[in-house]
Amino acid sequence: MKALDYATLLSAVFSIFCVISVSCTNSSSVEYNFLQCLSNHSQRSNPISEAIYTSKSASFSSVLQSYVRNLRFISRTTPKPLLIVAAKHESHVPATVICAKSLGLEIRIRSGGHDYEGVSYVSRNTKDFIVLDMFNLRSINIDMADESAWVQSGAILGEIFYAISMKSKNHAFPAGVCPSIGAGGHFTGGGYGNMMRKYGLSTDNIVDAKIVNVNGEILDRKAMGEDLFWAIRGGGGSSFGVILAWKIKFVRVPATVTVFDVKRTLAQGATDILVKWQQVADKLDHDLFIRAIIKPTNGTIEVSFTSLFLGNSERLLKLMSQSFPQLGLQKTDCHEMSWIQSVLYWTNYQNGTTSPEVLLNRVPKGQVFLKRKSDYVKQPISKTDLEALWTVMIEIGEVMMLWNPYGGKMSEIPETATPFPHRAGNLFKIQYSVNWKEEGFEATKRYLSLMKKLYVAMTPYVSKNPRMAFYNYRDLDIGTNSKGGYDEAKVYGTKYFKGNFERLVRIKTEVDPENFFRNEQSIPTLPSKQL
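Be aware that the sequence shown starts at 1, since it is given in the working numbering, and climbs by one per residue.
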C-alpha cells in the first residue's frame with residue numbers, strides 16, 4: 001500500500017480526534033480549524049502534534065496547572081484556554097502564531113508562570129484563547145570565551161545560575177532572587193535582582209534576542225532592527241511577538257562574596273535604623289545591596305536587613321562602620337561564600353549545606369494565593385510618618401513590604417536607554433506582598449482589601465502624577481485594556497513606562513498594526529487618527 005503523505009496523515013488524525021472528542025459548538029469548530037492549520041504547518045522531523053493538549057487530553061489540567069504560581073487563578077471559574085501548545089521545537093512557535101492569527105484566536109505566552117495576575121495563561125477578554133507554553137524550550141548554550149550565553153525563554157533563573165556556576169566561579173548574571181522564574185517574562189519586563197546597583201537590570205545585560213513576529217518569522221537583533229530590540233528589553237515582549245531566546249552577557253564576581261540577614265524590632269531601634277537606611281542605601285558602595293523587609297509580627301514591626309556584598313567580610317565591615325553604623329553589623333552576622341552559594345542563601349537555603357542542584361527544581365517551595373503591588377519612593381519617609389505606618393501595618397497584620405534600594409548603576413543608565421524608566425531619582429522600590437492559604441471568594445476579598453488599605457496609606461510617600469509601578473510586578477488594579485484601545489492603555493502604560501510608553505506604542509503600531517499580540521495590559525497601537 002502506498003504510504004500516506006505525512007501532512008495528510010496528521011490532518012486525518014486531528015480530524016478523527018476532533019470528531020470523537022469535541023462537542024459541536026462554535027468553540028469546537030475554532031479548535032478543529034486551529035488543529036487543522038497546525039497540521040498543515042507541522043514539520044515531519046518535528047511534529048507539532050506531540051506538543052498539543054486539548055481540553056479533552058488526559059494531561060490538559062496537569063500541564064495547565066504545572067506553571068500556575070498563584071492559586072487565585074486555578075479555580076473552577078477561572079477561564080481556561082481552548083488548548084495548550086507546549087512547544088517542543090522552535091518551529092512550533094511560528095506555526096502557532098500563524099494559525100492563531102488566521103483564526104482570530106487570542107494567544108497567551110507563558111515561560112515560568114510567575115505573572116502575578118495570571119495574564120500569561122488566563123484571558124479575561126475572550127473565551128476563545130490558547131496558551132503557548134515555552135517550558136520545553138529551555139536550552140542554555142554558554143560561550144565562556146565571549147562571556148555570554150544563548151538562553152531559551154523557557155529556562156528558569158535557577159537553571160541559568162547553575163549552568164554559569166558549572167563553568168566559572170567568577171562569572172554571574174544579574175537577575176531575580178527567585179530561581180523558578182522563567183527567563184522569557186523576567187528579562188522582557190526588566191528583571192531586577194541584588195546585583196542591580198553594580199550591574200543594572202537583566203535587560204541592561206542582554207545583547208541579542210530571537211523573536212517570532214506576527215508573520216511567523218524568526219528574527220534576531222539585526223533582522224528585527226534596533227527599535228524592536230529596544231522595545232522587548234523592558235517593554236513587555238508579549239505585546240510584540242514571542243521571545244524564543246535571549247543572548248545574555250555575563251558579569252564578573254569575586255570568588256568570595258558576603259551575605260547577611262540582620263533583624264531588628266521596634267524595641268531594638270528598627271525605626272531609627274530604617275530612617276538612616278533611607279538616607280544611605282542608594283549611596284552605598286555599588287558592590288553593596290541591602291534590602292529592607294518590613295513585616296508585622298506579634299504586635300510589633302520587624303525589619304530584616306538582607307544583603308549581598310561583592311567582596312569579603314573584612315571590607316564589608318569597614319564600609320558599614322563608615323556608612324551605616326546604625327545597623328550594628330558584627331563579624332558574626334557575616335557569611336562568606338561563593339556567588340552561587342549566595343543565590344541559595346537568598347532563596348532561604350541558609351544552612352550552607354544545600355547543593356546548587358536544588359536550583360534546577362522548577363516547582364516553588366509552596367503554592368499560595370497571593371497579591372503583589374509596587375511603588376517608587378523619591379524622598380525619605382520621616383520617622384513620624386514611619387511610626388504612623390507601623391500602626392496601620394500592625395492593625396492590618398498580614399501585608400509586608402520589601403524595600404529595594406536603587407542608586408549605583410541604576411542611576412547611571414538613562415531612563416530612555418530601555419523601556420524600563422525607573423532610574424535616577426528613585427531611592428528605592430517597594431513591593432507589597434500578601435500570601436494566604438484559605439480558599440474561597442470571601443478570603444480573597446479580605447486579603448485584597450488588606451493590601452489596598454496599606455497601599456492607600458502609603459499614597460503620601462510615593463511617586464505621584466502618575467503613581468509609578470514596576471511592570472514585572474503585574475498589577476491589574478492600576479488599569480486594564482479590554483478592547484485594545486490607546487486611551488485605556490495610556491493609564492497603566494505611563495505608570496509602568498513613563499515617557500517611554502509613546503515610543504513603545506509607535507513601535508507596536510509598526511510591527512503589529514492589527515494588534516494581534518494583546519492582553520489586559522499590553523501595548524496598544526496608535527489610534528487611526530494619529531497614523
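By construction, the Cβ of each residue, glycine as well, lies at the ideal position given by its N, Cα and C atoms.
Bear in mind the structure is a predicted one, so any value in this text is a computation, not a measurement.
Give the straight-line distance between the Cα atoms of residue i and residue j, rounded to the nearest whole angstrom.
{"i": "glycine 182", "j": "glutamate 514", "result": "28 Å"}
{"i": "cysteine 99", "j": "leucine 38", "result": "6 Å"}
{"i": "tryptophan 488", "j": "leucine 454", "result": "Before going on, a small fix: residue 488 reads as glutamate here, not tryptophan. Straight-line Cα distance between these residues: approximately 26 Å."}
{"i": "glutamate 357", "j": "serine 165", "result": "11 Å"}
{"i": "serine 180", "j": "phenylalanine 135", "result": "11 Å"}
{"i": "glycine 484", "j": "alanine 231", "result": "18 Å"}
{"i": "serine 463", "j": "lysine 429", "result": "10 Å"}
{"i": "arginine 467", "j": "serine 28", "result": "44 Å"}
{"i": "leucine 344", "j": "glutamine 350", "result": "7 Å"}
{"i": "leucine 201", "j": "threonine 416", "result": "14 Å"}
{"i": "valine 280", "j": "phenylalanine 324", "result": "7 Å"}
{"i": "lysine 276", "j": "arginine 124", "result": "44 Å"}
{"i": "lysine 378", "j": "tyrosine 406", "result": "10 Å"}
{"i": "glycine 154", "j": "alanine 245", "result": "8 Å"}
{"i": "lysine 373", "j": "aspartate 475", "result": "6 Å"}
Just grab the DSSP bridge partners of residue i for me.
{"i": "arginine 518", "result": "Bridge partners of arginine 518: none, in fact."}
{"i": "proline 460", "result": "DSSP output for proline 460 lists no bridge partner at all."}
{"i": "alanine 209", "result": "Trp246"}
{"i": "serine 433", "result": "Arg372, Met400"}
{"i": "glycine 182", "result": "Ile156"}
{"i": "threonine 306", "result": "Asp261, Arg291"}
{"i": "alanine 172", "result": "Val251"}
{"i": "glutamate 106", "result": "Phe129"}
How about residue i and residue j: are their beta carbons less than 8 Å apart?
{"i": "isoleucine 140", "j": "glycine 184", "result": "no"}
{"i": "isoleucine 290", "j": "methionine 393", "result": "no"}
{"i": "threonine 354", "j": "valine 177", "result": "no"}
{"i": "phenylalanine 516", "j": "lysine 101", "result": "yes"}
{"i": "alanine 87", "j": "leucine 35", "result": "no"}
{"i": "asparagine 215", "j": "leucine 103", "result": "no"}
{"i": "leucine 105", "j": "isoleucine 84", "result": "no"}
{"i": "cysteine 334", "j": "serine 321", "result": "no"}
{"i": "tyrosine 565", "j": "leucine 360", "result": "No information on residue 565 is available, as it lies outside the stretch 1 to 531 that the chain covers here."}
{"i": "tyrosine 473", "j": "glutamine 521", "result": "no"}
{"i": "histidine 41", "j": "alanine 95", "result": "yes"}
{"i": "leucine 284", "j": "phenylalanine 305", "result": "no"}
If I'm right that residue i touches residue j with Cβ under 8 Å, what's the distance once you round it to whole angstroms?
{"i": "leucine 228", "j": "histidine 186", "result": "Actually they do not touch by this definition, with Cβ atoms about 19 Å apart."}
{"i": "serine 55", "j": "leucine 82", "result": "7 Å"}
{"i": "tyrosine 461", "j": "tyrosine 496", "result": "Contact flag wrong, Cβ pair sits at about 20 Å."}
{"i": "leucine 402", "j": "serine 433", "result": "6 Å"}
{"i": "proline 527", "j": "asparagine 481", "result": "Not quite, the Cβ-Cβ distance comes to about 13 Å (not below 8 Å), so this is no contact."}
{"i": "glycine 236", "j": "threonine 203", "result": "Wrong, their Cβ atoms sit about 11 Å apart, outside the cutoff."}
{"i": "valine 303", "j": "isoleucine 273", "result": "7 Å"}
{"i": "glycine 234", "j": "threonine 418", "result": "4 Å"}
{"i": "tyrosine 492", "j": "isoleucine 507", "result": "With 8 Å as the limit, tyrosine 492 and isoleucine 507 do not qualify as a contact, their Cβ atoms being about 17 Å apart."}
Quick one: residues in its chain with C-beta nearer than 7 Å to the C-beta of residue i, no 5 flanking neighbours on either side, listed in chain order?
{"i": "methionine 224", "result": "Ile211"}
{"i": "valine 248", "result": "Correcting the residue type first, residue 248 is isoleucine in the shown sequence and not valine. For isoleucine 248, where only same-chain residues beyond five positions count, the Cβ hits under 7 Å are Ser148, Ala149, Val151, Phe173, Asn205, Ile206."}
{"i": "leucine 310", "result": "Lys198, Val253, Pro254, Val257, Asp287"}
{"i": "tyrosine 376", "result": "His422, Asn426, Lys429, Val462, Ser463, Met468"}
Between residue i and the rest of its own chain, which residues show a CB-CB distance below 6 Å, the 5 nearest in sequence each way excluded?
{"i": "leucine 370", "result": "Asn70, Asn435"}
{"i": "threonine 494", "result": "Pro466, Phe501"}
{"i": "glutamate 537", "result": "The requested residue 537 is not part of the displayed model; the chain covers only 1 to 531."}
Take residue i and list the residues in its own chain whose beta-carbon comes closer than 8 Å to its own, dropping the five residues that flank it on each side.
{"i": "histidine 114", "result": "Arg69, Cys178, Ser180, Ile181, Gly182, Gly185, His186"}
{"i": "glycine 299", "result": "Ile394"}
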